[in-house]
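Heads up: the structure comes next, in structure tokens.
Shown next, in the form of structure tokens:
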């Protein structure tokens, strides 16, 4: 009888000792909360609103006056001969450069830092009027900067590398002079 009770006891309580926790923090998905990007390969929508302006101004001014006069013996006491040299120069230079970029790009979590931040990267290729425009973005994003809809702002991106390049007839003609443009129209270049 004792053996039967012992065997029954082992059958009932043995599975309890082998039980594992079903909760895995890195794979947990809430049934009621929005799914937030947390793993390598997950997508995040990045709202890019960047504006930049740089301005520099320099100026130089220089003036020099030289006068030579010769008095002759006359009754007016005015110089009868005079030479005046007057030289002045002013130089002003001003450079202004402005840029503005507004877009929404889906980026992918490509790695995690030891601090738990996400390294994200993505690009978007647009073709408008036979002009290819490429927006590329890369940087480090904190998990708390991602809202419940998986959207983050570009100004929250650390070590941000945002590029905007374009190729096509307008971009190609930007660097050409008037002679190159005319020769291009004629089909010589």
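Numbering (the working numbering), first residue to last: 117 to 305. Just so you know, even glycine gets a beta-carbon here, dropped at the ideal spot from N, CA and C. Just so it is clear, the structure is predicted and the values come from calculations on it, not from any experiment.
Assigned secondary structure, residue i (DSSP; H/G/I helix, E/B strand, else coil)
i           : result
residue 156 : coil
residue 123 : helix
residue 221 : strand
residue 262 : coil
residue 211 : strand
residue 229 : coil
Residue i vs residue j beta-carbon contact at 8 Å
i           : j           : result
residue 295 : residue 217 : no
residue 159 : residue 224 : yes
Heavy atom of the ligand ZN within 7 Å of residue i beta-carbon
i           : result
residue 123 : For the ligand ZN, the structure offers nothing, since it holds no ligand at all.
Boundaries (first-last residue) of the beta strand (DSSP E) holding residue i
i           : result
residue 251 : 247-257
residue 335 : Residue 335 falls outside the range modelled here, since the chain spans only 117 to 305, and no answer is possible.
residue 302 : Run containing residue 302: none; DSSP gives neither H nor E here.
residue 239 : 234-244
Residues near residue i by beta carbon distance below 7 Å, same chain, minus five either side
i           : result
residue 250 : 239, 241 and 281
Same chain only: Cβ atoms within 6 Å of residue i, ignoring 5 sequence neighbours per side
i           : result
residue 233 : 256 and 258
residue 219 : 164 and 251
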